[in-house]
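Just so we're aligned: the sequence shown equals residues 4 to 261 in this note's numbering.
Where is the CB? At the ideal position from N, CA and C, for every residue including glycine.
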Amino acid sequence: MHFVATSFAQRSVLSPLYRRQALEPTDPTNEPAYKAHFKQTRITTSENGEPIWENPINHAVYDLDKITTMQQTHHPITKMHERVAYLAVQTLRTGFDIVSGYRGPGGAMTDKDWVNRCLFLESVAGVPGMVGGMLRHLRSLRKFKRDYGWIHTLLEEAENERMHLLIFMNIKQPGYFFRTLVLGAQGVFFNAFFLTYLVSPKTCHRFVGYLEEEAVKTYTCLLKDIEDGHLDAWKEKKAPLIAQTYYKLPEDAATTAT
Numbered sequence: 004m005h006f007v008a009t010s011f012a013q014r015s016v017l018s019p020l021y022r023r024q025a026l027e028p029t030d031p032t033n034e035p036a037y038k039a040h041f042k043q044t045r046i047t048t049s050e051n052g053e054p055i056w057e058n059p060i061n062h063a064v065y066d067l068d069k070i071t072t073m074q075q076t077h078h079p080i081t082k083m084h085e086r087v088a089y090l091a092v093q094t095l096r097t098g099f100d101i102v103s104g105y106r107g108p109g110g111a112m113t114d115k116d117w118v119n120r121c122l123f124l125e126s127v128a129g130v131p132g133m134v135g136g137m138l139r140h141l142r143s144l145r146k147f148k149r150d151y152g153w154i155h156t157l158l159e160e161a162e163n164e165r166m167h168l169l170i171f172m173n174i175k176q177p178g179y180f181f182r183t184l185v186l187g188a189q190g191v192f193f194n195a196f197f198l199t200y201l202v203s204p205k206t207c208h209r210f211v212g213y214l215e216e217e218a219v220k221t222y223t224c225l226l227k228d229i230e231d232g233h234l235d236a237w238k239e240k241k242a243p244l245i246a247q248t249y250y251k252l253p254e255d256a257a258t259t260a261t
């Protein structure tokens, strides 16, 4: 009976009221990580008191103080698929570093170098979640079985990476040549990841895990350059409005908080 009443409320004139009640904003930062991940967070971007954009995708918002105390970790390689995934990530990382002229922290990288690197990485990082979510969605339809949250989690991850890209685009708009490179890389990576996921999903998931480890290293190096005074423009720049909303940052938050 409750299911029938709920379904009727969702489809009737009461649906706006039902949606407002269902999307009542909650603060996930005080919950354990496994609970906070699935908490609803209704995020609305406002400018001069007027709402201009609302993020329809739920995502976790974590406490900045807790994040700063976290240590970098590495998943140990104990199985063959983990070794394959790790070697693939290291090969791609080395090749990308050579092609892009990455020189690491210490002042050799300009703000333009860093933002180009971040833009390219985030344009690729949003692919795995979408591919995995799409394939698991089709699998659920094909086998007439539930997926128990995997589809939503993977699509949420893809959206999270896309939001990172949009934040960096507030710092710099890429040119036509850069967009062409992204188009080519996305086409190759999407199809390669798609075919690999069909053969070995666990290898792909471990690949993403090691890829995120490299992303943590990259952003740690970027923060070090900012803190050491090599990127003064970034240190003084305010976080874009979309970043303030997405991460629930104060209005005076710096770019480093994102």
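**Asked** Can you tell me the Cα-Cα spacing of Y1 and C207, whole angstroms?
**Response** Outside the shown range of the chain (4 to 261) lies residue 1, about which nothing can therefore be said.
**Message:** Using the Cβ count rule (16 or more neighbours within 10 Å means buried), how would you classify L168?
**Reply:** In the sequence shown, counting from the first residue as 1, residue 168 sits at position 165. Classification of L168: buried, given that the 10 Å Cβ count is 16 or more.
**Request:** Determine, using beta carbons only, whether G132 and L157 come nearer to each other than 8 Å.
**Result:** For this step, residue 132 is matched to residue 129 along the sequence shown. For this step, residue 157 is matched to residue 154 along the sequence shown. Yes; because the gap between Cβ atoms is below 8 Å, this pair is in contact.
**Request:** Would you give the residue range spanned by the alpha helix (DSSP H) that L244 belongs to?
**Result:** Against the sequence shown, residue 244 aligns to sequence position 241. First-last of the alpha helix (DSSP H) with L244: L244 to Y249.
**Request:** Name the one or two DSSP bridge partners that K241 has.
**Result:** In the sequence shown, counting from the first residue as 1, residue 241 sits at position 238. Paired residue(s): A257.
**Prompt:** Should F171 and C121 be called a contact, given that it needs their Cβ atoms to be closer than 8 Å?
**Reply:** By one-based count along the sequence shown, residue 171 stands at place 168. By one-based count along the sequence shown, residue 121 stands at place 118. Their beta carbons are under 8 Å apart, which means F171 touches C121 by this criterion.
**Request:** State buried or exposed for A236, treating a residue as buried only when at least 16 other CB atoms are found within 10 Å of its CB.
**Result:** The residue given as residue 236 occupies position 233 in the sequence shown. Counting Cβ neighbours within 10 Å, A236 comes out exposed, since fewer than 16 surround it.
**Message:** Which residue marks the beginning of the alpha helix (DSSP H) containing N119, and which one marks its end?
**Reply:** Taking the first residue of the sequence shown as position 1, residue 119 is located at position 116. Unbroken alpha helix (DSSP H) run through N119: D114 to A128.
**Request:** Enumerate in chain order the residues of its own chain whose CB-to-CB distance from K241 is below 6 Å, with the five nearest sequence positions on each side excluded.
**Result:** Translated into the one-based positions of the sequence shown, residue 241 becomes position 238. Non-local beta-carbon contacts of K241 in its own chain, meaning distances under 6 Å to residues more than five positions away in sequence, are absent.
**Item:** Reduced DSSP category for G190 - H, G, I as helix; E, B as strand; rest coil
**Value:** Taking the sequence shown and counting its residues from 1, the one referred to as residue 190 is at position 187. The answer is helix: DSSP assigns G190 an H, G or I state.
**Item:** C-alpha distance - E159 paired with E215, whole-angstrom precision
**Value:** As a position in the sequence shown, residue 159 is number 156, starting the count at 1. As a position in the sequence shown, residue 215 is number 212, starting the count at 1. Spanning the two alpha carbons is a distance of roughly 15 Å.
**Asked** Quick one: any contact between the segment 170-188 and the segment 85-98, if contact means 3 or more CB pairs under 8 Å?
**Response** Taking 8 Å as the limit for Cβ pairs, the verdict is that the segment 85-98 does not touch the segment 170-188.
**Asked** From which residue to which residue does the alpha helix (DSSP H) around F99 run?
**Response** Along the sequence shown, read from residue 1 onward, the residue named residue 99 stands at position 96. F99 -> alpha helix (DSSP H) spans M83 to S103.
**Request:** Classify Q74 as buried or exposed, calling it buried when 16 or more other Cβ atoms lie within 10 Å of its own Cβ.
**Result:** In the sequence shown, residue 74 corresponds to position 71, counting from 1. Exposed.
**Message:** My output table needs one value for R209: the three-state DSSP class, helix, strand or coil.
**Reply:** Your numbering for residue 209 matches position 206 in the sequence shown. R209 carries a helical assignment under DSSP once its states are collapsed to helix, strand and coil.
**Prompt:** Which residue comes first and which comes last in the alpha helix (DSSP H) that contains H155?
**Reply:** Counted from its first residue, the sequence shown places residue 155 at position 152. That run of the alpha helix (DSSP H) goes W153 to M172.
**Request:** With a cut-off of 8 Å on the beta carbons, I'd call L124 and T221 a contact; round off their distance for me.
**Result:** Residue numbering aside, residue 124 sits at position 121 when the sequence shown is read from its first letter. Residue numbering aside, residue 221 sits at position 218 when the sequence shown is read from its first letter. Contact flag correct, Cβ pair sits at about 7 Å.
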